[in-house]
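S.K.: Take the sequence shown: its letters are residues 23 to 217, numbered as in the working numbering.
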Amino acid sequence: MYTDRAAVVNDLVRYGKRIAQEKLVVGPGGNSSARLSRPEGDVIYVKASGRCFEDGEPADYIGVDPRTATVCDGSLKPTCEIHLHLACYAERPDVHAVIHTHAPLATAYAMKGEPLRAFTPDMVAVVGDVVPVVPYVPPAGMELADACRPLLRAHSAVLLMNHGLLTVGSTMKEAFYRTLVVEEAARTLLAACGF
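1. Thinking P208 and Y131 are a contact (beta carbons under 8 Å), I'd like their distance in whole angstroms, please.
2. Going by C-alpha to C-alpha distance, which of V156, E196, G85, P50 sits closest to G72?
3. Between which residues of its own chain and E113 is the CB-CB distance below 8 Å, once the five residues before and five after are set aside?
4. Tell me, to the nearest whole angstrom, how far the beta carbon of T201 is from that of T189; I am working on the premise that it is less than 8 Å.
5. Y67 lies in the beta strand (DSSP E); which residues open and close that run?
6. Considering only the beta carbon of each residue, do A162 and C94 sit closer than 8 Å?
7. Just the C-alpha distance for D144 and A179, rounded to the nearest angstrom, thanks.
8. Looking at the unbroken beta strand (DSSP E) that takes in C102, where does it start and where does it end?
9. Are the beta-carbon atoms of K39 and A70 separated by less than 8 Å?
This is how it looks when you write it as structure tokens:
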């Protein structure tokens with residue numbers, strides 16, 4: 023759980039750069055957020071629209087009120103996927119970080135429309151038994167958030183058909199490692215199929 027604004031923003035910047043280094047997004051694609059827990063009410067810090075992870079600075083992450091989806095800390099516009107992020111926090115009180123990437127191999131696997139079943143002990147331990155798939159929904163709206171809601175209740179990673187990967191965690195580190203594990207699983211399965 024994050025209770026310090028600086029810790030939230032520093033983790034968002036640090037793991038944003040790692041997302042870019044791992045080539046899980048291109049340009050300003052993808053987004054991440056973390057929940058700041060405060061007695062007076064939570065604030066969700068999220069990557070601003072049009073900002074690139076690799077160039078990320080603290081000012082590129084803005085605070086959003088989860089009850090109203092309005093900016094309460096900063097002057098930039100939040101990611102177009104703000105409703106997807108807020109849905110994750112609404113469904114899972116244990117979640118304090120959300121990462122949405124366009125991980126290329128996970129995205130390729132998601133195009134099959136089949137859940138990704140765990141096949142290694144590490145995957146079971148880090149992600150769970152299965153990563154479900156949400157059929158294609160146009161990005162950047164309530165429709166995608168609503169499609170993910172029921173799956174988020176029981177899963178820490180969700181494949182988005184033709185769109186990418188969504189992971190959640192108690193920290194940015196946990197959500198990031200879940201992203202890496204799913205991407206590596208997709209790489210292994212595609213290699214096994216001779217691609």
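Each residue gets a CB set at the ideal place from its N, CA and C atoms; glycine is no exception.
M.R.: Let me lay it out:
1. The sequence given here has Ala at residue 208, not Pro. Rounded, the Cβ-Cβ distance is 4 Å, consistent with contact.
2. P50
3. R171, L174, R175
4. 5 Å
5. 65-69
6. no
7. 14 Å
8. Per DSSP, C102 belongs to no beta strand (DSSP E) and is neither H nor E.
9. no
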